[in-house]
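To start, the structure itself, in structure tokens.
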Amino acid sequence: MRPSETGPTAAAGPDGPGASGASGASRASGASGARKKALGRVLGVPSPLLIAGAAVIAIALGAAAFMMSGGDSGKKRHGGAKPVATAPWASAARQRLLATTAVRYDGTVHSDGRPVHLTLTVFAGGAASGTLTAGREHADVVAVDGDTYLRAAASFWKTYGGEVEHAADYAGRWTKAPANLPGLDVRNVLAPDTIAKRLASAPGKPSTENLGSIRAHRVKTPRADYLVEAGAPNALLRVQAAVGDQPVFTVGSVLAPKKAFAEVRARVAALAGAADPAMRFRPGKLSFVNCDQNVESCTVSVPATLARPAGTPPQGARATLRVTILADHRALGTCTGSGAVPSNGSLVLRCTVTSSGWRSWMRSALDDPGAHAYEAQARVLGEAVSSSRVPQLLAQLDRHRPTTTP
1 MRPSETGPTA AAGPDGPGAS GASGASRASG ASGARKKALG RVLGVPSPLL
51 IAGAAVIAIA LGAAAFMMSG GDSGKKRHGG AKPVATAPWA SAARQRLLAT
101 TAVRYDGTVH SDGRPVHLTL TVFAGGAASG TLTAGREHAD VVAVDGDTYL
151 RAAASFWKTY GGEVEHAADY AGRWTKAPAN LPGLDVRNVL APDTIAKRLA
201 SAPGKPSTEN LGSIRAHRVK TPRADYLVEA GAPNALLRVQ AAVGDQPVFT
251 VGSVLAPKKA FAEVRARVAA LAGAADPAMR FRPGKLSFVN CDQNVESCTV
301 SVPATLARPA GTPPQGARAT LRVTILADHR ALGTCTGSGA VPSNGSLVLR
351 CTVTSSGWRS WMRSALDDPG AHAYEAQARV LGEAVSSSRV PQLLAQLDRH
401 RPTTTP
């Protein structure tokens, strides 16, 4: 007897003998469709095994109200002295910075008028690692290749990330920093080798001022002011960003550069699949592929269309699908899949769960004919870093690996 399908249409139905294609609708906030029932076979014996699937799809919403910029702010300042040949004090400061593996910064920026403390260790080339603290909340920070990423709890994203309803999409995973902490361009403002280049154009007689008991030269550039000790050893003392609320960063030495480098490298290595809140996707109907009575695995397929930004997708735009399969009120397994967003903005994402939880549950279902329902919860997010890009980032980072300790 060929198994046949009975019951109402689901948001996403099971595959296999007698099952129809996925149909129904999903909502941006997540929707659970009615379950679809199907007849199956247990170990070759006709039997009313009912394995059905329901789908819940969540869409990543909301551009977070929080950012560390990886590029130029677009705001330029004028009024600095006209560059001349490098002065002796500036030359000494440059050589000191070029010989430095990394620099430690401590400073305060503001988000919606609230102070946010930032501690960063920045290496030559602009890679950095540190911590951002806002009240009782904190976030891990890593910067590489001109972009900055945060990793924080859901409570941080709710309070400071503008993700009240969708904080879980970013909680505990690396996420590209959203867009409104102006003036913090790590690679072009804080990297020691970049600052050394800026000092090559320092005026011979810049303005001077006192920092406590230390006399310092102020070197103005379009992106930041650099205060350098006027006398030997001409150390960099302070950096003041030139845009936004002009955050000020004090400068310190890095006592254990190899340990600091190991931290930033580990964080960069974990960036594969990092989310990008600047992109939003409209998911389609979830469907199960080769799941019914499959002890080894279950594949979930979700079509998605880029909703923001509108128009042509940004160069290199990618989407990530994150899926959890559940049954009997417990998670059976998870999977992720990703893909490049084509020029029309639409793609189909798939991933396959091969967990021991799925295998064990399916075996039990096959041994116990009756109603056995499972469901999938899926999220479609923008992807900031593909897995193939991580080795490139690590190779770039390794060019500045410390070879000795101070």
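Numbering (this note's numbering), first residue to last: 1 to 406.
No residue lacks a Cβ here, since even glycine has one placed at the ideal position from N, Cα and C.
Cβ-based burial, residue i [other Cβ within 10 Å; buried from 16]
{"i": "glycine 337", "result": "buried"}
{"i": "glycine 126", "result": "buried"}
{"i": "serine 387", "result": "exposed"}
{"i": "alanine 395", "result": "exposed"}
{"i": "threonine 354", "result": "exposed"}
{"i": "arginine 223", "result": "buried"}
{"i": "histidine 329", "result": "exposed"}
{"i": "aspartate 398", "result": "exposed"}
{"i": "glutamine 377", "result": "buried"}
{"i": "threonine 312", "result": "exposed"}
{"i": "arginine 114", "result": "exposed"}
{"i": "threonine 250", "result": "exposed"}
{"i": "alanine 304", "result": "buried"}
{"i": "alanine 266", "result": "exposed"}
{"i": "proline 391", "result": "exposed"}
{"i": "threonine 403", "result": "exposed"}
{"i": "alanine 202", "result": "buried"}
{"i": "leucine 49", "result": "The pLDDT assigned to leucine 49 is 40, lower than 50, so where the model puts this residue is not dependable; a value taken from the coordinates is nonetheless given after this. Leucine 49 comes out buried."}
{"i": "alanine 93", "result": "buried"}
{"i": "proline 247", "result": "buried"}
{"i": "serine 364", "result": "exposed"}
{"i": "alanine 232", "result": "exposed"}
{"i": "serine 111", "result": "buried"}
Host alpha helix (DSSP H) of residue i (start-end)
{"i": "leucine 366", "result": "356–367"}
{"i": "valine 390", "result": "390–398"}
{"i": "proline 88", "result": "88–98"}
Rounded straight-line distance, which links the Cα of residue j to that of residue i
{"i": "aspartate 208", "j": "valine 268", "result": "The question names aspartate, but residue 208 in the sequence shown is threonine. Answer to the nearest angstrom: the Cα atoms are 39 Å apart."}
{"i": "glutamate 137", "j": "glycine 172", "result": "13 Å"}
{"i": "alanine 272", "j": "glycine 382", "result": "12 Å"}
{"i": "arginine 280", "j": "glutamate 296", "result": "33 Å"}
{"i": "leucine 366", "j": "glutamine 293", "result": "7 Å"}
{"i": "arginine 41", "j": "glycine 370", "result": "Summary for arginine 41: the model assigns pLDDT 26, below 50, so the residue's position carries little reliability, and this model does not support an answer."}
{"i": "alanine 310", "j": "alanine 327", "result": "37 Å"}
{"i": "arginine 218", "j": "glycine 161", "result": "34 Å"}
{"i": "aspartate 368", "j": "glycine 339", "result": "38 Å"}
{"i": "arginine 198", "j": "threonine 221", "result": "7 Å"}
{"i": "phenylalanine 156", "j": "glycine 107", "result": "19 Å"}
{"i": "threonine 100", "j": "proline 257", "result": "10 Å"}
{"i": "alanine 60", "j": "alanine 102", "result": "In this predicted model, alanine 60 has a pLDDT of only 44, less than 50, meaning its place in the structure is not dependable; the value taken from the coordinates is given anyway. Answer to the nearest angstrom: the Cα atoms are 36 Å apart."}
{"i": "alanine 34", "j": "arginine 322", "result": "Confidence at alanine 34 is low in this model, with a pLDDT of 27, below 50, so the placement of that residue is unreliable and no value is reported for it."}
{"i": "alanine 278", "j": "proline 88", "result": "46 Å"}
{"i": "serine 91", "j": "valine 228", "result": "11 Å"}
{"i": "tyrosine 226", "j": "arginine 282", "result": "45 Å"}
{"i": "valine 300", "j": "glutamate 375", "result": "10 Å"}
{"i": "alanine 81", "j": "valine 264", "result": "Low confidence applies here, because alanine 81 scores a pLDDT of 47, under 50, leaving its location unreliable and the question unanswered by this model."}
{"i": "serine 213", "j": "asparagine 188", "result": "29 Å"}
{"i": "serine 343", "j": "valine 302", "result": "18 Å"}
{"i": "histidine 400", "j": "methionine 362", "result": "50 Å"}
{"i": "threonine 409", "j": "leucine 286", "result": "Nothing can be reported for residue 409, as the shown portion of the chain is limited to 1 through 406."}
{"i": "threonine 159", "j": "threonine 119", "result": "20 Å"}
{"i": "leucine 211", "j": "glycine 345", "result": "53 Å"}
{"i": "glycine 284", "j": "leucine 347", "result": "10 Å"}
{"i": "alanine 235", "j": "alanine 200", "result": "15 Å"}
{"i": "glycine 204", "j": "alanine 230", "result": "11 Å"}
{"i": "proline 314", "j": "proline 206", "result": "42 Å"}
{"i": "alanine 270", "j": "alanine 373", "result": "35 Å"}
{"i": "arginine 389", "j": "alanine 154", "result": "27 Å"}
{"i": "valine 142", "j": "alanine 128", "result": "5 Å"}
{"i": "threonine 352", "j": "valine 385", "result": "20 Å"}
{"i": "tryptophan 174", "j": "valine 109", "result": "21 Å"}
{"i": "arginine 379", "j": "leucine 349", "result": "11 Å"}
Continuous beta strand (DSSP E) stretch holding residue i: start and end
{"i": "alanine 143", "result": "137–144"}
{"i": "leucine 347", "result": "346–353"}
{"i": "tyrosine 160", "result": "Note, tyrosine 160: premise wrong, no beta strand (DSSP E); alpha helix (DSSP H) at 154–160."}
{"i": "proline 115", "result": "114–123"}
{"i": "histidine 110", "result": "102–111"}
Rounded distance between the beta-carbons of residue j and residue i, thought under 8 Å
{"i": "threonine 216", "j": "leucine 237", "result": "Note that residue 216 is alanine in the sequence shown, not threonine. The pair is a contact, with the Cβ atoms about 6 Å apart (cut-off 8 Å)."}
{"i": "alanine 260", "j": "threonine 131", "result": "With 8 Å as the limit, alanine 260 and threonine 131 do not qualify as a contact, their Cβ atoms being about 12 Å apart."}
{"i": "threonine 324", "j": "threonine 334", "result": "5 Å"}
{"i": "alanine 275", "j": "aspartate 147", "result": "The Cβ separation is near 12 Å, so there is no contact."}
{"i": "alanine 139", "j": "arginine 151", "result": "6 Å"}
{"i": "alanine 124", "j": "aspartate 193", "result": "4 Å"}
{"i": "valine 341", "j": "alanine 317", "result": "4 Å"}
{"i": "valine 239", "j": "tyrosine 105", "result": "7 Å"}
{"i": "alanine 196", "j": "leucine 97", "result": "4 Å"}
{"i": "leucine 332", "j": "glycine 357", "result": "4 Å"}
heavy atom of the ligand ATP below 7 Å from residue i C-beta
{"i": "phenylalanine 156", "result": "The ligand ATP is not part of the structure shown, which contains no ligands of any sort."}
Q: Output the residue ranges of the alpha helix (DSSP H) runs that lie fully inside the segment 248–333 and measure 4 residues or longer, sorted by chain position.
A: 257–269
**Q.** beta strand (DSSP E) runs wholly inside the segment 192–223, at least 3 long, in chain order
**A.** 207–211, 214–220
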